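The structure appears right after this line, and notes come after that.
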Amino acid sequence: MKRFLPHFKGSSKLIMLLLWLGVLLGVAGVCAGLIASWSALPVGLVIGGCVLLGLGILLQWQYSPPPDSWWRRRSIQAGTNSVIAAAAVIVILGLINFLAVRYPAQVDLTEARLFSLAPQSKQVVRSLQQPLKVLIFDKVTDPQNRTLLEQYQRLSPQFEFEFVDPQAQPGLAQKYQVQTAGAVVLDAGARTKTLDTALTEVNLTAAIANIVSDRQTQVFVIQGHGERPIAGTQASLSEAVEALRRQGFKTELLNIVERQQIPEETDVLIIAGPKRAFLPAEIKLLNGYLQQGGKALLLLDPETEHGLEPVLKQWGITLDRRLVVDASGSGQLLGLGPAVPVVLDYGPHPITEDFAQGISFFPLAQALNVEQAPNQQVTELLRTGGSSWAESEPDSEQLQFDEQKDRQGPLVIGVAIQELEPESSATQAPQKSDKAPAPNQPTDPQSQSASPSPSPSPTTNGTGNAQSSASPPVSPSPSASPSASPSPQSSPQAQAPSPEASPQSPTAPKTPNENAEQTAASQSSASSPSPKPSPNSKPADFAVKPTPKPLARLVVIGDSDFASSGPFGQVLNGDLFLNAVTWLGSDETNPSLSIRPKEVTNRRLQITPQRQRLLTILGALLPVSALGIAVTLWWQRR
Amino acid sequence: MNLIVNNVLAIYRKELRGYFKAPLAFVIASVFWLLAGLFFLFILQSVIEEASQFDVLQSQLSESGTAIDVPSAILQLFLGIMGSLALVILPILSMGLYAEERKRGTLELLATSPITNWAVALGKLMAVLTFFITLVVPIITLEALTFSSANPPMPLEILLVSHLGLVLLAASILALGLFISSLTDSVILAAILTFAVILLLWILDLLGERLGGPLGGILNHLSLLKHYSTLSQGVLDSSSVVLFLSYVVLGLFLTAQSIDLFRFQRS
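Sequences listed follow chains A and B, in order. Numbering-wise (our numbering), the first sequence opens with residue 257 and increments by one. Numbering-wise (our numbering), the second sequence opens with residue 12 and increments by one.
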């Protein structure tokens, strides 16, 4: 071959140049195309690079020595061999990588397990039975979201996700009624759900658990006393109901007189602005419902005779009945008069936790007085400003604060009440459970844990329970969602009302968390709930302790106008309403609720000035010394 | 077997000795240390300042707000910089491995010697990787001096795994550089080609995201950056380690094949 070299020494340089330029142009084009877009310039660069490369190879072929001698053929043979061998190695490596991706083993060494899902999430995703697709409508792909969703995807082949550019695919955005960028939609085929909160593991798992549950959260809106209608344009709840539907709630009207009862499947009861009095029988039904762990949202306007005071009294609430007047003028920015108090101050509660200093307003509202009763947790949700007062004579020409008759703000116009677990006041609850062990006692922890009953329906008790008002809040119903996984809901076991199977036995609340990982082991323990309850043992890792007993929840707001069409869509009013219903409808036995958001360790560097100086000196010394050695070596060589 | 190990070690020792006698290696070390040290001190300063500002703000609002992990933030930022720096330094380290031999005409000796080609390649790769680790060790000392004053103390595992990621990244880039270096007798061409190839592999996940679908997934998986960042965050993912090792094996194999071909062509 050497004898050919003088002949094409020049041309070999040309070939080199061509190859070079080809590669350079190609890389430049690919980079430009990736970073910007595949417009004419990058495509042209890539094509140009390919052409130059091809030309170089062609020239090389042309100028290479003619294949006339035996070694030439042998080299071709060897070349073919090595190409085949290389292909084989690449295929083998590809397969190994495929297996490694398919069966990943991941050790998350960060302290807070920042890059792993909580056991509850794993359980929820693994139990997916039908395909679930998560669509994120955003122009830019957040790598953090992607990482999170990839972790979900790894757990179940049923889980898919897609980042959708709403401008590129407006049809898809329209289909899911997406209005804001960054909206997250869960599509489980038959049902869709919009995730209104941020895309975090806590929210996503809860949403998944909700959407795969066999039944929707059932919201009943009571009618028959001049309440706000759920349809129509003027002063109706139509916007609110539509928003609830998008959230996956099922909303229906309920006339208690017509049904003679509050249906068992009720998850949340809404009473919005009644104008006529409830009948005593209705009041009794409502009281019974709440005592059995019902959830209700009461929106009560001032100066109406709704007759709900006996119900409220049970929970320590009395209505002020006077109109709240806000003289601060902060409502004027929104074009609101003094009869529309503006709320900027929210209590610490799941309903209002994201509100910060946001605005909500309540046309024609009344204040509430709350007394903290034992065994319940009261949170003042909404507080008006200091320059507001409760006006006793709203009809007078000039609204003025009258120290004698009026009440000075800040006034509470919304409260959330949660019944606490009876163990905190240990006297009443055991009595109740002894008296009436509810007929169907599913203290079967396996059915609770293996099927994450995310449907927030602790009130769907057996039929016997609803009638017997004497057996109040003791019957948990984790069996509400039998479809999430085939849980052997053995009826003989359920009907054995042994004292240890009473819901007070804390095996049920405790095990769901433990069982999340090991379902098989729990199946054996499921048949024998531990007889010795130790009510105070708390699962250490979880913030919210799931409980089998339905606990009543109540949100009372002294105004219903804020949720009517019009005001609903403004500022935080709609969020307040939706969050309240979501909180009421959320199931405390839902495993996904007990996920605590991950947080990094709070860690600081405490570098002393000496250490800092040492670092700087070392940082300077290193390159200087290396350079010194280089110069010395070079000097020696010379 | 023993013979092969001895052969590999002989090549390894010879190559390594070469590095510590060459002024160029020390110039590279000097530049690397200068850049890495500057970046480290700069990141240290800015993150600490930011954290203290945040603390002041939080104490004013008297809120128990979000926690921040200062050492981890420094480590993340700095390892990102180290990755980019390695991208520039490693092709320079690997460029001469075979191209120099070709130029000097010593490759014929190597190719026809009784030592198998892949043993030579492995020895060379180990030597250059050792040199790179030597470059990194003083920088790790700086980090260790810094992180030892963390309160509460920093877990050692994260530091180990994240630097393991750096070493694996270097090994796979060097293996590919080794192969490219064996293709040409121009040192500069080898460096530029290596840089181009690893830059492509570095940003392959962007392309994968653009494409989507199974092909996009494959490209995404081949990306060096993605796996490097997984490891540097402190997540020991088997698929990342397997991918890096695959690149190393592929580089070594292709190098051996290319030297094999060279022997036939020159005989």
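For each residue, glycine too, the CB sits at the ideal point set by N, CA and C. As the structure is a prediction and not an experimental result, all values here were calculated from the model.
>> Looking at the secondary structure, which residues open and close the alpha helix (DSSP H) in which ALA429 of chain A lies?
In response: Start and end: 426-431.
>> Does any residue of chain B have a CB that is nearer than 9 Å to the CB of ASN401 of chain A?
In response: For ASN401 of chain A, no CB of chain B lies under 9 Å from its own CB, so it is not counted at the interface with that chain.
> Using the C-alpha atoms, what's the distance from LEU509 of chain A back to LEU535 of chain A?
Replying inline: Going by C-alpha positions, LEU535 of chain A is about 18 Å away from LEU509 of chain A.
>> Taking contact to mean 3 or more Cβ pairs, one atom from each stretch, closer than 8 Å, check whether the segment 477-494 of chain A and the segment 858-877 of chain A are in contact.
In response: Three or more Cβ pairs closer than 8 Å define a contact, and the segment 477-494 of chain A falls short of that threshold against the segment 858-877 of chain A.
>> Just verifying my parser: in three-state terms, what is the DSSP assignment at ASN162 of chain B?
In response: ASN162 of chain B falls in the strand class under three-state DSSP.
>> Please state whether the Cβ-Cβ distance between LEU209 of chain B and LEU235 of chain B is less than 9 Å.
In response: For clarity, residue 209 of chain B is Ile in the given sequence; the question names Leu instead. For the 9 Å CB-CB criterion, ILE209 of chain B and LEU235 of chain B form a contact.
> Which of helix, strand or coil does DSSP assign to PHE273 of chain B?
Replying inline: If DSSP states are grouped into helix, strand and coil, PHE273 of chain B belongs with the helices.
> Going by beta carbon distance, what residues of the same chain come within less than 6 Å of ILE92 of chain B, once the five residues before and after it are set aside?
Replying inline: Closer than 6 Å at Cβ, skipping near neighbours: PHE50.
> Residues of chain A with a CB under 8 Å from the CB of ASN128 of chain B: which are they?
Replying inline: Result: empty, since nearest Cβ-Cβ is about 11 Å, beyond 8 Å.
> Pick from A:ALA552, A:GLY614 and A:PRO566: whose alpha carbon is nearest that of LEU810 of chain A?
Replying inline: The shortest Cα separation from LEU810 of chain A among A:ALA552, A:GLY614 and A:PRO566 belongs to A:ALA552.
> Does the distance from the C-beta atom of LEU136 of chain B to that of LEU179 of chain B stay below 9 Å?
Replying inline: No.
>> Taking 7 Å as the limit between beta carbons, can you name the residues of its chain near SER784 of chain A, skipping five residues before and five after?
In response: Caution is warranted here: a pLDDT of 40 is assigned to SER784 of chain A, below 50, making its placement in the model unreliable, and no coordinate value can be reported.
>> Would VAL307 of chain A pass as an interface residue toward chain B - the criterion being a Cβ-Cβ separation below 9 Å?
In response: Answer no: the Cβ-Cβ gap between VAL307 of chain A and chain B never drops below 9 Å.
>> Any contact between the segment 247-259 of chain B and the segment 358-365 of chain A? By contact I mean 3 or more CB pairs, one from each, below 8 Å.
In response: Contact holds between the segment 247-259 of chain B and the segment 358-365 of chain A, because three or more Cβ pairs, one in each stretch, are under 8 Å apart.
>> Within a Cβ cutoff of 7 Å, which residues of the same chain sit near ARG484 of chain A, ignoring the five residues on either side of it in sequence?
In response: ALA491, SER492, LEU493, ALA528, GLY529, SER816 and SER820, listed in sequence order.
>> 9 Å is my cut-off, CB to CB: does LEU311 of chain A come that close to chain B?
In response: Not closer than 9 Å to any Cβ of chain B, the Cβ of LEU311 of chain A fails to qualify, so no.
> Between which two residues does the beta strand (DSSP E) carrying LYS506 of chain A extend?
Replying inline: That run of the beta strand (DSSP E) goes 505-510.
> For the putative contact between LEU637 of chain A and GLY603 of chain A, defined by C-beta atoms under 8 Å, what is the C-beta separation to the nearest angstrom?
Replying inline: The Cβ separation is near 5 Å, so the contact holds.
> Given that ASN353 of chain A touches chain B, what residues does it touch there, using C-beta distances under 8 Å?
Replying inline: Within chain B, the residues near ASN353 of chain A are HIS232, SER250, VAL253, LEU254 and SER257.
> Leaving out the 5 sequence neighbours to the left and right, which residues in its chain are closer than 7 Å to LYS788 of chain A when beta-carbon positions are compared?
Replying inline: Annotation note: pLDDT 41 at LYS788 of chain A (below 50); position unreliable, coordinate value reported separately. Around LYS788 of chain A: no qualifying Cβ.
>> Measuring CB atoms only, is the segment 181-188 of chain B touching the segment 198-218 of chain B, in the sense that at least three cross pairs come out at less than 8 Å?
In response: Touching, yes, given that three or more Cβ pairs across the two stretches are closer than 8 Å.
> Within this structure, are the beta carbons of ALA33 of chain B and LEU889 of chain A separated by less than 9 Å?
Replying inline: LEU889 of chain A is positioned such that its CB atom lies closer than 9 Å to that of ALA33 of chain B.
> Name the DSSP beta bridge partners of ASP443 of chain A, please?
Replying inline: In the DSSP output, where bridge partners are listed per residue, ASP443 of chain A has A:LYS389 and A:THR448.
>> Are there any heavy atoms of the ligand NAP lying less than 8 Å away from the beta-carbon of LEU314 of chain A, as far as the coordinates show?
In response: No copy of the ligand NAP occurs in the structure displayed, which carries no ligand at all.
> If we cut at 9 Å on Cβ distances, does PRO262 of chain A have a partner in chain B?
Replying inline: Low confidence applies to PRO262 of chain A: its pLDDT is 46, below 50, so where it sits in the model is not reliable enough to give any reading.
> In its own chain, which residues sit with a C-beta less than 6 Å from the C-beta of ASP443 of chain A, not counting the 5 before and 5 after it?
Replying inline: Excluding five sequence positions before and after ASP443 of chain A, the CB atoms of its chain that fall closer than 6 Å to its own CB belong to LYS389, given in chain order.
>> Below 8 Å on the Cβ atoms is my contact criterion, and I expect GLY350 of chain A with LEU309 of chain A to pass it. Report the Cβ-Cβ distance as a whole number of Å.
In response: Incorrect: roughly 25 Å between the Cβ atoms, too far for contact.
> Which two residues bound the contiguous beta strand (DSSP E) that contains TYR359 of chain A?
Replying inline: Secondary structure note for TYR359 of chain A: it is in no beta strand (DSSP E), with a DSSP letter that is neither H nor E.
> Are any of the Cβ atoms in chain A nearer than 9 Å to that of SER160 of chain B?
Replying inline: At least one chain A Cβ lies under 9 Å of SER160 of chain B.
> If we count the other Cβ atoms within 10 Å of its Cβ and call it buried at 16 or more, is PRO630 of chain A buried or exposed?
Replying inline: Burial check for PRO630 of chain A: the Cβ neighbour count within 10 Å stays below 16, so the residue is exposed.
> When the Cβ atoms of the segment 866-875 of chain A are set against those of the segment 84-103 of chain B, are three or more pairs found closer than 8 Å?
Replying inline: Because the criterion of three Cβ pairs below 8 Å is not met, the segment 866-875 of chain A and the segment 84-103 of chain B do not touch.
>> With H, G and I counted as helix, E and B as strand and the rest as coil, what does DSSP make of GLY665 of chain A?
In response: Here GLY665 of chain A sits in coil by DSSP.
>> Is VAL131 of chain B close to chain A? Criterion is C-beta to C-beta, closer than 9 Å.
In response: Put simply, the CB of VAL131 of chain B is far from chain A, with every gap to its CB atoms at 9 Å or more.
> Looking at the unbroken alpha helix (DSSP H) that takes in VAL178 of chain B, where does it start and where does it end?
Replying inline: Secondary structure note for VAL178 of chain B: its alpha helix (DSSP H) is the uninterrupted segment 167-194.
> Under three-state DSSP, which class holds ILE873 of chain A?
Replying inline: Correct three-state label for ILE873 of chain A: helix.
> Could you give the residue range of the alpha helix (DSSP H) that holds GLN632 of chain A?
Replying inline: Run containing GLN632 of chain A: none in the alpha helix (DSSP H); it sits in the beta strand (DSSP E), 632-640.
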